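Reading through the structure tokens given below for one structure.
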Amino acid sequence: MGFFSPAPYHILSYGTLLGTTFFHPQTFVGGIISFRVLPRPQFGALMAEIFPVYFAMQAVLPAVLVLTYPAGGVAGVLDPVNRWDVLVPLAGVFLCALANLAVVGPATTRVMEERRRLEKKDVKRADDAPTRAQESLALNKKFSMLHGISSLLNLGSFVATVIYGVTLSGRLS
Numbered sequence: 322m323g324f325f326s327p328a329p330y331h332i333l334s335y336g337t338l339l340g341t342t343f344f345h346p347q348t349f350v351g352g353i354i355s356f357r358v359l360p361r362p363q364f365g366a367l368m369a370e371i372f373p374v375y376f377a378m379q380a381v382l383p384a385v386l387v388l389t390y391p392a393g394g395v396a397g398v399l400d401p402v403n404r405w406d407v408l409v410p411l412a413g414v415f416l417c418a419l420a421n422l423a424v425v426g427p428a429t430t431r432v433m434e435e436r437r438r439l440e441k442k443d444v445k446r447a448d449d450a451p452t453r454a455q456e457s458l459a460l461n462k463k464f465s466m467l468h469g470i471s472s473l474l475n476l477g478s479f480v481a482t483v484i485y486g487v488t489l490s491g492r493l494s
């Protein structure tokens, strides 16, 4: 064992994944506090910077867990005996994070920026307010939908991470 064993890196990676997923800026602790404390434009700007880093970590850490899997690395993860309690949860975390990183997150950020641009127009001109009100409602609806999908993906990552943690804890005893 020791520094050259994959086991400590596996445990540290798992702990980091679980901790960051629980503290996630959108769904759990960090997001709730930030939303209460910051004005919406600053909150949105903060989240737009945090999310790509968070989703990248959430995608990389399951790969590290696969590479450092103590019972044989990649081959151990792919062993049919480990399909449901190791491969599926780790693949689930990875796929949820990848969807958020590559598709849902950027789409949500684009809608948020469109909404911000529209709000700036609202302050400057009131002559086409009904049209902008409809645009604003449509953007809010789209944002809510994307935010909800992202939250569900994050919840899926969290559940899969906990499921893998139960499997991992069973191997420690």
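The opening residue of the sequence shown carries number 322 in the numbering used here; numbering runs sequentially from there.
Ideal Cβ placement from N, Cα and C applies to all residues, glycine included.
Since the model is a prediction, treat every value here as computed from it, not as a measurement.
- Of the residues A328, I354 and G426, the one whose Cα lies closest to the Cα of S471 is G426.
- By the neighbour-count criterion, in which a residue is buried when 16 or more other Cβ atoms sit within 10 angstroms of its Cβ, N421 is buried.
- About 18 Å separates the beta carbon of M378 from that of T429, a gap too long to meet the 8 Å contact definition.
- For F364, the enclosing alpha helix (DSSP H) begins and ends at R361 to L388.
- Note on geometry: alpha-carbon atoms of E434 and A328 lie some 43 Å from one another.
- Taken atom to atom, the span from the alpha-carbon of L386 to that of L439 is near 43 Å.
- Contact fails between the stretch 397 to 409 and the stretch 353 to 364, because fewer than three Cβ pairs, one in each stretch, are under 8 Å apart.
- Take the alpha-carbon of G469 and the one of G491: they are about 33 Å apart.
- L339 is positioned such that its CB atom lies no closer than 8 Å to that of T488.
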